[in-house]
Ligand SMILES: NC(=O)c1ccc[n+]([C@@H]2O[C@H](COP(=O)([O-])OP(=O)(O)OC[C@H]3O[C@@H](n4cnc5c(N)ncnc54)[C@H](OP(=O)(O)O)[C@@H]3O)[C@@H](O)[C@H]2O)c1
C-alpha cells in the first residue's frame, strides 16, 4: 500500500502540474479549456480544478467574480483583535494562490490591509500576480502598507470621489468612485474594473467586503473553506442584513471537497449582470495616461 502510494505520487504531481500549466495558458494565453487534462487526478482534485475551469469560463457581461473566505466551524475568519494566521491550512493557501494566479485582479477591504499588511502576490504556485485592488472609501490607510510601497504588481486604491485628494498613494494609483450614502457600491466597483480590462476578479476578504458583494448580488461564486477549529469569538465570516424568516435565507447547493484538513464549499451564485453601458455612466476619476491598466506579465511555466 505504502510503496504503491509513493510510486504513484510523482505521476500524480506531474498530472497536477500539467493541468495547472494548461489552466494558466487558458487564463492568460491561448489554451483551450475544453481539453483541460483532468484524467489521473484524484476526485477532490478534479472537483477543485472544475472550480478553476468555471472561474475561467467567460461571463456574458465581461467580468467574472469569485470570493473566498477561510472560516472556523463557528463562522469566524479571525480573532477579535484581527489575528487570522492561520484559520485554514496549507492546502487552502495553495488554493487561494491559484485563484490569485488565474485572476486579473485581487480585491481586499481596508480592514484586511490594516490588519494583515498582505502582499497579495502569487508565491505558492507558478503563475503571474494580479493587479491588487484595495477598497478604502474614506482613505484611512497610510502609505506604509506593503501594497502601496511595492512597485509591482500594480495597486489600485478605490475610494469615494470626494476623498480623492491626489493621484497616487506611494506606488498605488488612486481612483475615486461615486459613492451614494458614503458607500462604494460593489456594482460600481465591478464596472470600474471591467472598464480597465479586468475579466476575472478574486475578492479575497475580509468578511465585510465579501458580505457586501454577496448582499449586492455581485458574486458568481463563493468559496467557503471551513476548518475544524472553533474560535468562539471574533470576526464574522459572512454578515448580511437581518431577515425574519428562514425562507428568506440564501439556501445553496454547494459542491463540497476536501482541502487537506479542511472542507471547501464551492457555492455557485447568480450574479446580477452589469448593464452594458454602466461603465460610461459612473463617475470614475480620469487618472490620465499613467492609469493602471491590465498589463500582466506572462505566466511562469510550471516546473
Ligand atoms: N480568513 C480569511 O479568509 C480572511 C481573509 C481576509 C481577511 N481576514 C481577516 O479579516 C479581518 C478583516 O476583515 P474585516 O471584515 O474586518 O474587514 P475588510 O472586509 O477587510 O474591510 C472592511 C472595510 O473595507 C471597506 N469596504 C469594503 N467593502 C466596501 C464597500 N463595498 N463599500 C465601502 N467600503 C468598503 C470599508 O472601509 P471603511 O470602514 O473605512 O468604510 C470596510 O470597513 C482581518 O482580521 C483579517 O486578518 C481573514
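Residue numbers (the working numbering): 14 to 316.
Idealized CB from N, CA, C, for every residue including glycine.
Comparing C-alpha distances from residue 60 to each of 269, 284, 275 and 274 shows the shortest one belongs to 269. Counting every other CB atom within 10 Å of its CB across the protein chains shown gives residue 233 a total of 16 or more, marking it as buried.
For residue 99, no alpha helix (DSSP H) encloses it, and the DSSP letter there is neither H nor E. Going by DSSP, residue 270 is part of the beta strand (DSSP E) stretching over 268-272.
Only residues of its own chain outside the window of five on either side were considered, and among them 76, 117, 118, 144 and 307 have a CB closer than 8 Å to the CB of residue 211, listed in chain order.
By the Cβ rule, the segment 234-247 does not count as touching the segment 133-140, because fewer than three pairs are nearer than 8 Å.
When the beta-carbon positions are compared, residue 110 and residue 135 come within less than 7 Å of each other. Listed in chain order, the alpha helix (DSSP H) elements of length 4 or more contained wholly in the segment 188-270 are 199-208 and 220-228.
The DSSP-derived three-state label of residue 284 is coil. Within the segment 151-194, the runs of beta strand (DSSP E) that reach at least 3 residues and sit entirely inside it are, in chain order, 168-173 and 185-190. Looking at 71, 178, 128 and 174, the one whose alpha-carbon comes closest to that of residue 157 is 128. With respect to residue 46, residue 28 sits apart: the two C-beta atoms are not nearer than 7 Å.
By the neighbour-count criterion, in which 16 or more other beta carbons inside 10 Å mark a residue as buried, residue 204 falls on the buried side. Fully enclosed alpha helix (DSSP H) runs of no fewer than 4 residues occupy 103-115 and 123-129 of the segment 77-129, in order along the chain.
Residues of the same chain with a CB within less than 6 Å of the CB of residue 250, apart from the 5 flanking positions on each side, are 82, 84, 88, 90 and 220 in chain order. Residue 182 sits buried, since 16 or more C-beta atoms from the chains shown fall within 10 Å of its C-beta. For residue 66, the enclosing alpha helix (DSSP H) stretches over residues 56-69. Taking C-beta atoms as the reference points, residue 35 and residue 44 count as a pair closer than 7 Å. If you check the C-beta of residue 76 against ligand 1, you find no heavy atom less than 6 Å away.
Excluding five sequence positions before and after residue 54, the CB atoms of its chain that fall closer than 8 Å to its own CB belong to 25, 28, 29, 32 and 62, given in chain order. In this structure, the alpha-carbon of residue 48 lies about 22 Å from that of residue 73. Shortest Cα-Cα distance from residue 71 to any of 186, 213, 152 and 222 involves 213.
In this structure, the alpha-carbon of residue 199 lies about 31 Å from that of residue 241. Not one heavy atom of ligand 1 sits closer than 6 Å to the Cβ of residue 189. If the five residues before and after residue 225 are omitted, its C-beta is found closer than 7 Å to the C-beta atoms of 199, all from its own chain and listed in chain order.
With a cut-off of 6 Å, the C-beta of residue 168 is classified as distant from ligand 1, since no heavy atom of the ligand falls inside that distance.
Cβ contact annotation for residue 272 (same chain, cutoff 8 Å, sequence separation greater than five): 57, 61, 101, 102, 104, 105, 108 and 238, in chain order. Distances between the C-beta of residue 103 and the heavy atoms of ligand 1 are all 6 Å or more.
Spatial neighbours of residue 254 in its own chain (CB-CB distance under 7 Å, excluding positions within 5 residues in sequence) are listed in chain order as 228.
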